């Protein structure tokens, strides 16, 4: 029964936390750039404002255009619900594993990309097309990472992997490091961060995610934005769950351990967000057609992570 | 009875179609009859799948000393189900679709025959009847491809198709010959009993792979598929792509898992690599296509690759002494076969609906159809999502199962497998991701955006009749059902694979019915049912929240498009432009894709052109060179037609003298 | 030497065509002659049927066994159906003034004479009589090949004549050698040429002499069978003569020549010390198959196309007999029968097609299924049948040949399969070009077909096709038994 | 039987073989015809001798046919044809005469090599005749191949056929020899008729067969 309670708590937590995490990243970046920046809770205000605004829909748009924000948001939300954050004892844990997670993100992307094409503008098409290219390499990279983790831990369930790593008899593995690197690269790409995409850009020819949602406004845009924020949080949760699960509560743990887990999770998110901000500040955006190299690299790292397992086994 | 009677009814229908070809209502009768027969066969298959041992029947024709053997076991029953789901849907669809064809009289007689051929392959229990049905299936579908015979490209497609089909038969035929041995007992029972010499065993697998692979469309034997499948009328394309390729896989499974005794793990590796390459190449081709049906055909190639990865994995596990994992991989492959038949039929029928409404099948001529064809658009979306392996639809479940079993691959003791499996896994993942790109492109360009031509703008929603809509909706519902509640089907599948792997695999036993947990609950589990429920819940929650917190006001106004919005629909992204990043990233190496801009001199008012050149490595490297070789040799040999009588006499004389010398030499020895 | 009396079916089988030939030679009205031709062929077929009930005693001259019984029936049957087709064909040729009355009188007489010689070759128990009959068959057809008197026809006839005469000469030498081998054992005289006796005693013959004899017989009768590289006469003789003659040449004469060859092979096989004749037949069969496979790609003349297809099939059959063994021999016998029925059906169709199109040029024939649906589809079925697609009969024999070869000699099966595929590709591309696409609009047919002549073509055509389809799935039990007996004898 | 019968048969066979070489050697058409007539006479003599030795009176018929038809009628007919049709009187060779002779010798060697070991236990008469007959057959074929003119080809064919008949008459007690020789005669008559016929119809301007071949169907 507690699993259900924790699950509900997580559902609410990720939804509430997501804008804050994004706001925090922006905040740190602004500070690093020497600006004052908006406060970290600014995204809440933005979203609320958008919700209150009238939504504008082009005449050429179909029902899909209006449904996509909700579907996208729900898919990402669902994905974020199944990644253990503060405890592995959540009710949905056995219902979706890492593969399903990748696919849920794919579902969100599928709808967003379609929505980008629905109005029939050039920019929407550009965004969708590039997004799908990125995904076509990012997804395999993430699956390869899953593969290596499943070889280490014997499972694809994030909760089980976290438990396995917490179990401790693992030591430092080269392949885990490679897998982490792959996941980070994928995370950067999937969230449209520099060097793949610039979330703040409005220079048309360089944007990817923003181009897809270009035609959205009002509550639709709010949903899309919220989904993006949620996705960022999701990846942070994923990285911390799979590679830094320390502090996370396990099934059977009491509320005290869960409280510790929650604190640890918030700390991890803060740390990752800071790291992201620092990284983005230091690096420049890539040309569109170098994405393939970047993500191909991620895919290769994922593959290497798997193969290194045998190397270390053989040694 | 449930199987024999409808099977025999199909040729009768064909005869009726010939006799009543002038009657306007004849097609409705034929397709209606085909529908009933398919439903009966489907019921028969499901019934058999429900339980009981195999039923066998021997009839006094076929090879005289052998007679014709028929048998329905679980594997046949499963494929009967696969075939006849699509067949029933296609028949219903065809009632409304048929009149849109240029010459329906060239379709109705062969459609039931095609169904007959496919079903007969599944129930055949000796090599002769198997091959007769197999060829019959090819033959009838060849005629269906040729129904639009006045177009030269159709004839070329048909030509390549049947030649490849016969090539396949000539591979399977010797494989059966080897399995039967010199004694010539061609019943499958005798083959199961037989021990093969190592060389023969090797050859059998190779030939089976070539024979069934060419029919299924494995790279590099796939070349006919994207030519022939699109050339046929859409309801036939649906069957060819969705179902006939499955019949080919049935043949492969029947030989590799049932008739053949022991197969080395190396063949599993070969199958996996071939499958992986097929999957990636297939989808890469698909993502570049402009013709909707060609795109779908190439996507079939991809999916066959995916299934074959599963089969290869199962072989490797079986040989490696891991029957439980072999069963899992086989279940995964079979489930994907089933799923693909459902959503590929759906997509092809959708393409048919688009064609009947617009008369176009080129992506460049479509656009904005979702508004004009809501039924087709919605169901096609389901199909596109399913084929892109998105949860909670069926395509995802089978890909998930395949990945799960793939992740267990490194438990095999062979180093080649340990290193190879991750690579295949990467190929599979790449294919899946590209498939999503491919179908976002296809759906986005055809159904979304603004109409690119008048034909698309004036798409006639009434052309998609009730029957067509029903058939599309039924298949779409099936996609959802097979995705959301996969357990009933996977349990049936584990019954199917039990005799083939010798072990039962309780795909969902550990956690209860909503979850699939193929290799134990701690190894990975998935629940489509719960995800659907949760997804709907969260979606509803989001909608509720938004509407509570925000306004519901909505205004229809011009598109923003960064201020560049223009009325000309040509400013939209096209299929070609959508594919450009993919073409640059992958096509440059695989297809040697080159882009060049042809910019006229200043003062020249010719339009600038952007030219893309691509080379199909398989077609050019293999088929064209083979064609050239045949041409060259034919030219050389043809000289013998124009010699003088004296030279012909010389040939005769030389033959005589050579044989005399041979005899002289052999007598001395 | 006892000739059969009227109570013996052989009397009628041989007597009817012989008498008809003589009668037709003097009958001046070709319309009557055409019907008489049909009637005589029908009567011959009817006379052949009692053989199934009771076989006459074997004499030194004639005999009926499991091997020739069905060949006699087949020959009489195809002779009859071709005569029916011929009536339609000739009527249109005559109407188009392509053949004169004198030619036609000669034609009908020779047709019956040809049937007579073939039946004689089949029922002859004496190897010498068989030889004479095959030679006479050559002579009767040579003149018919040159019937149109075009330069191509005369050239074809000349080549046919020279090559087959030399071939037949070599066959005689082989026959003499067999006699010489038998003579020390059997003491000379007619006994030493009677096949039934030869086969019984062959074990005691001098094996080396038999080897030598087989080489001559193979090259000799092989020429007549059309085995490459002895085939040169065949395509042109088929292409330039009247189409009914092409039908019987392909459907019957090749079989008869092969039959002669096989009779000798049985003698050789009956002697345990001879060299295996199989490899020679395999080589000749494969070379025919491959040669024809390539040749088919360059054919522009519809009749020559199918003539090469006959070479291909004779190659397959010879290969099958060369492989030997119960399965392959059975397949060979089956293939002989099926090829005969199918190929003659194809020539029936081709005859009408080229009359309709006014040309034999493949490139000028288009869209048959659209312009002449019934004929066009019959043609499609027939060509698919000859290309070896099920459910037609050729598939069954090809199935057996390929499967059994692979089980025994996988390496030999590779060229076999390559050849079959090559031939298939060529035939298919030609078939698609002719049967599908937009029909040609600017076609000047040779004469217009009457309703009767259309029926006269379609009845034999569809009858053959029906037989071929049925046989592809179901062989009557006695036929199977005969095939199996013969297959055993062939070793 | 005995030595004499063997010697005579041997002599006649050898004569035929020599005549066979003679055919290859001749450069003039009339000389070829004469040589052929000589070979036919030798055949007739051989047949008659066998009729005598084997006490087989029907062989006299064969001998008669050979003598009258091949020894006289055919050479005369060919003479007439050559004159009437104005055919070149010289032999048009595809392989030089020297080489033809060498190949001929090789062929004879092959025949002997093949036949002699095979017939080790047969009667000496048969043995010798068979080797000679086979040589004559092969030489006749060689002639057909190495000579271009239609008339020489026909002569080659008839020489081949002489060899066949020699084998047939030498085979002790072989039935049907007469029928066979009649059949061959018909064949030859038809050949001559054919040549004459083609010429009469004026389809071809020459009897050199190369011209005939240009009328082959199915050229592309």
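Protein chains in written order, with my numbering: chain A, 1159 to 1473; chain B, 550 to 1218; chain C, 2 to 492; chain D, 19 to 238.
We put the beta carbon where it would ideally sit given N, CA and C, even for glycine.
Just so you know, these numbers come straight off a predicted model, no measurement behind them.
#1: Given a limit of 7 angstroms on CB to CB distance, which residues of the stretch 1175-1203 of chain B reach chain D?
#2: Please name the residue in 1139/B, 1152/B, 1178/B whose C-alpha comes closest to that of residue 1163/B.
#3: Among 489/C, 76/C, 437/C, which one has its Cα closest to the Cα of residue 1232/B?
#4: Suppose the cutoff is 6 angstroms on Cβ atoms and the five residues either side in sequence are ignored; what does the same chain contact list for residue 1218/A look like?
#5: Jot down the residue ranges of each uninterrupted alpha helix (DSSP H) in the stretch 86-157 of chain C, minimum 4 residues, whole runs only, in chain order.
#6: Do the CB positions of residue 1452/A and residue 1354/A come within less than 8 angstroms of each other?
#7: In the stretch 1350-1413 of chain A, which residue ranges form an unbroken alpha helix (DSSP H) of at least 4 residues, counting only runs that do not cross its ends?
#8: What residues are listed by DSSP as bridge partners for residue 63/C?
#9: By the DSSP assignment, the beta strand (DSSP E) with residue 1147/B in it spans what residues?
#10: Got a sec? Which residues, its chain only, sit under 7 angstroms from residue 913/B by beta carbon, not counting five neighbours each side?
#11: Taking residue 537/B and residue 429/C to be in contact with their CB atoms under 8 angstroms, please state how far apart those CB atoms are, rounded to whole angstroms.
#12: Give me whichever residues DSSP pairs with residue 1214/A in a beta bridge.
#13: With 8 angstroms as the threshold, decide whether the Cβ of residue 704/B is near any Cβ in chain C.
#14: Which value, in whole angstroms, describes the spacing of the CA atoms of residue 1089/B and residue 1082/B?
#15: Using a Cβ-Cβ cutoff of less than 7 angstroms, which residues in the same chain neighbour residue 584/B once the five nearest sequence positions on both sides are dropped?
#16: Under the rule that 16 or more other beta-carbon atoms within 10 Å means buried, what is residue 1192/A, buried or exposed?
#17: In three-state terms, what does DSSP make of residue 46/D?
#18: For residue 398/C, decide whether its Cβ has a neighbour in chain D, counting only Cβ atoms nearer than 8 angstroms.
#19: Go through the stretch 436-476 of chain C residue by residue and report every complete run of the beta strand (DSSP E) that reaches 3 residues or more, in order.
#20: Considering only residues of the same chain and omitting the five flanking positions on each side of residue 925/B, which have a CB-CB separation below 6 angstroms?
#21: Between the stretch 189-204 of chain D and the stretch 133-143 of chain C, do three or more beta carbon pairs fall short of 8 angstroms?
#22: Just how far apart, CA to CA, sit residue 935/B and residue 993/B?
#23: Return the residue from the list 310/C, 333/C, 314/C, 312/C that minimises the CA-CA distance to residue 321/C.
#24: For residue 42/C and residue 106/C, what's the separation of their Cα atoms in angstroms?
#25: I need the straight-line Cα distance from residue 695/B to residue 1335/A, nearest angstrom please.
#26: So with CB distances below 7 angstroms, who are the chain C contacts of residue 190/D?
#27: Provide the residue(s) that pair with residue 302/C in DSSP beta bridges, ordered along the chain.
#28: Just the Cα atoms here: how many angstroms apart are residue 1224/B and residue 1161/A?
#29: If you draw a straight line from the C-alpha of residue 102/C to the C-alpha of residue 310/C, how long is it?
#30: Residues of the stretch 722-734 of chain B in Cβ contact with chain C at a cutoff of 9 angstroms, in chain order, please.
#31: Look at the alpha carbon of residue 968/B and the alpha carbon of residue 1258/A, and state the distance between them as a whole number of angstroms.
#32: Drop a sphere of 10 angstroms on the beta-carbon of residue 1148/B, count the other beta-carbons inside from all chains shown, and report buried for 16 or more, exposed for fewer.
#33: Between residue 393/C and residue 687/B, what straight-line distance do the alpha-carbon atoms span, to the nearest angstrom?
#34: Run through DSSP, which three-state label would residue 1322/A get?
#35: Output needed for residue 1189/A: all residues of its chain with C-beta closer than 7 angstroms, excluding positions within five of it in sequence on either side, in chain order.
#36: Give the secondary structure of residue 9/C by DSSP, where H, G and I count as helix, E and B as strand, and everything else as coil.
Result, derived from the coordinates:
#1: 1190, 1191, 1193, 1194, 1195, 1198, 1199, 1202
#2: 1139/B
#3: For chain B, the structure presents residues 550 to 1218; residue 1232/B sits outside this window and is missing.
#4: 1277, 1278
#5: 102-124, 128-146
#6: yes
#7: 1367-1370, 1376-1401
#8: 125/C
#9: 1143-1147
#10: 839, 1001, 1123, 1124
#11: Past the boundaries of the shown model lies residue 537/B; chain B is included only from 550 to 1218, so the question cannot be answered.
#12: 1104/B
#13: yes
#14: 11 angstroms
#15: 637, 640, 641
#16: exposed
#17: strand
#18: no
#19: none
#20: 899, 902, 1013
#21: yes
#22: 15 angstroms
#23: 333/C
#24: 16 angstroms
#25: 57 angstroms
#26: 184, 189
#27: 362/C
#28: Here chain B has residues from 550 to 1218 only, and residue 1224/B is not among them.
#29: 33 angstroms
#30: 722, 723, 724, 725, 726, 727, 728, 729, 730, 731, 732, 733
#31: 24 angstroms
#32: exposed
#33: 14 angstroms
#34: helix
#35: 1195
#36: coil
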